[in-house]
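Participant: According to the numbering used here, the stretch in the sequence shown is residues 331 to 569, in order. Below is a structure I'd like to ask you about.
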Amino acid sequence: MAEPQDSTQVKTEKEAKMLDIYVMGKHYQVPEGLTIMTALEYCGYRLIRGCGCRAAFCGACGTVYNFKNDPVLRYALACQKLIEQDMYLTQIPFFPAAKPGYGLEKMEPTGEQILKIYPEIITCFGCNNCTKSCPQELEVMEFMSAAIRGDLEQVTAKSFDCLMCGLCAARCPQGLVPYNVALLCRRLHGRYLTPHSRHVDERIAEIEAGKFDVEIEELQKMSLEELKRRFDERPILKE
Ligand code: FES
Numbered sequence: 331m332a333e334p335q336d337s338t339q340v341k342t343e344k345e346a347k348m349l350d351i352y353v354m355g356k357h358y359q360v361p362e363g364l365t366i367m368t369a370l371e372y373c374g375y376r377l378i379r380g381c382g383c384r385a386a387f388c389g390a391c392g393t394v395y396n397f398k399n400d401p402v403l404r405y406a407l408a409c410q411k412l413i414e415q416d417m418y419l420t421q422i423p424f425f426p427a428a429k430p431g432y433g434l435e436k437m438e439p440t441g442e443q444i445l446k447i448y449p450e451i452i453t454c455f456g457c458n459n460c461t462k463s464c465p466q467e468l469e470v471m472e473f474m475s476a477a478i479r480g481d482l483e484q485v486t487a488k489s490f491d492c493l494m495c496g497l498c499a500a501r502c503p504q505g506l507v508p509y510n511v512a513l514l515c516r517r518l519h520g521r522y523l524t525p526h527s528r529h530v531d532e533r534i535a536e537i538e539a540g541k542f543d544v545e546i547e548e549l550q551k552m553s554l555e556e557l558k559r560r561f562d563e564r565p566i567l568k569e
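Given below as structure tokens:
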């Protein structure tokens, strides 16, 4: 994946090859080497939605694009995808997909339970648009099939890198919401099927007893530079 762009590293207009892009149909010229996100900013757009971590973690920047005289839609994370000549860009900052409420504590880790919350998933007819639209290149249709079978282990393994960008739901002709279905499966798997960790229990008890209060207070008072130095000097890195 491309590193998030640092605008100070971008060549000046005189040095750089300029590319033609179109944002919501409006033509701009931007230097080669920018991501879609930094190109939008270069064009003067102030991103207050559809922009988060800038590092392929938060899934806020799902974008669809195609090219002049090539209408096939492609999908990407705007913070990662580098612009190309004649790109036509449209951002989908938030896709309002269905997300039923549920109480994890009263549920069972079964296929029946998943179908109770998301009965519509059985209407999947295997078009594979979800997989094709995933900027993380996850096998979305496969984990949806696993969800229908009630195989929480498979869904969890295959959807673990999902960023919840929503592009799979935006492209599903049946109106399914693969990313939320997978989230339910991972939650059920984590709550009921993942082996219990004694170490986590012990650490939580220590935190609640105030064992780390002094250190936490010390960290809260540190400057950013001190924090970075402390992070880089962690003993675990020297082992
Ligand atoms: S801004 Fe967070 S994934 Fe792109």
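Don't be surprised by glycine CBs; every beta carbon is placed ideally from N, CA and C.
#1: So Ile452 packs on Ile478, CB below 8 Å; how close in whole Å?
#2: Quick one: is Arg429 buried, meaning 16 or more other Cβ sit within 10 Å of its Cβ, or exposed?
#3: With respect to the alpha helix (DSSP H) encompassing Thr368, which residues constitute its N-terminal and C-terminal limits?
#4: Does DSSP classify His526 as helix, strand or coil?
#5: DSSP has Ile351 in a bridge; who is on the other side?
#6: Can you check which of these residues, Cys388, Met354, Arg564, is closest to Gln466 by C-alpha distance?
#7: What's the gap between the Cα of Val360 and the Cα of Ala427?
#8: Since Cys278 and Cys460 should fall inside the 8 Å C-beta cutoff, what is the C-beta to C-beta distance between them, to a whole number of angstroms?
#9: Starting from Asp400, follow its DSSP beta bridges and name the residues at the other end.
#10: Tyr448 by DSSP, collapsed to three states: which one?
#11: How would you label Pro525, buried or exposed, when you count the other beta carbons within 10 angstroms and need 16 or more for buried?
#12: Based on Cα-Cα distance, which residue from Pro503, Leu493, Tyr372 lies nearest to Phe455?
#13: Pick from Ala406, Tyr522, Lys347: whose alpha carbon is nearest that of Glu438?
#14: Measure the CB-CB distance between Met518 and Gln443 and report whether it falls below 8 Å.
#15: Just tell me which of Glu371, Tyr405, Leu349 has its CA closest to the CA of Ile413.
#16: Relative to ligand 1, is the shortest distance from any of its heavy atoms to the C-beta of Ala386 smaller than 7 Å?
Facilitator: Taking the structure as given:
#1: Taking the sequence shown and counting its residues from 1, the one referred to as residue 452 is at position 122. Taking the sequence shown and counting its residues from 1, the one referred to as residue 478 is at position 148. Confirmed, about 6 Å.
#2: Along the sequence shown, one-based indexing puts residue 429 at 99. At residue 429 the sequence reads Lys, which differs from the Arg that was named. Exposed: under 16 other Cβ atoms inside 10 Å.
#3: The residue you call residue 368 lines up with position 38 of the sequence shown. Its alpha helix (DSSP H) spans residues 366–372.
#4: Taking the first residue of the sequence shown as position 1, residue 526 is located at position 196. His526 falls in the coil class under three-state DSSP.
#5: In the sequence shown, residue 351 corresponds to position 21, counting from 1. DSSP output for Ile351 lists Tyr358, Met417 as bridge partner(s).
#6: If you number the sequence shown from 1, residue 466 lands on position 136. Ranking Cys388, Met354, Arg564 by Cα distance to Gln466 puts Cys388 first.
#7: Stepping through the sequence shown from its first residue, residue 360 is reached at position 30. Stepping through the sequence shown from its first residue, residue 427 is reached at position 97. Cα to Cα, the separation comes out at about 33 Å.
#8: Past the boundaries of the shown model lies residue 278; the chain is included only from 331 to 569, so the question cannot be answered.
#9: Translated into the one-based positions of the sequence shown, residue 400 becomes position 70. BP columns for Asp400 point to Phe397.
#10: Locating residue 448 in the sequence shown gives position 118, where the first residue counts as 1. Three-state result, Tyr448: coil.
#11: Stepping through the sequence shown from its first residue, residue 525 is reached at position 195. By the 10 Å Cβ count, Pro525 comes out exposed.
#12: Taking the sequence shown and counting its residues from 1, one reaches residue 455 at position 125. Per the Cα distances, Pro503.
#13: Against the sequence shown, residue 438 aligns to sequence position 108. Per the Cα distances, Tyr522.
#14: Within the sequence shown, numbered from 1, the residue matching residue 518 stands at position 188. Within the sequence shown, numbered from 1, the residue matching residue 443 stands at position 113. Reading the sequence as shown, one finds Leu at residue 518 and not Met. Yes, the Cβ-Cβ distance between Leu518 and Gln443 is below 8 Å.
#15: Residue numbering aside, residue 413 sits at position 83 when the sequence shown is read from its first letter. Residue Leu349 is the option with its Cα nearest to Ile413.
#16: The residue given as residue 386 occupies position 56 in the sequence shown. Ala386: yes, Cβ under 7 Å from ligand 1.
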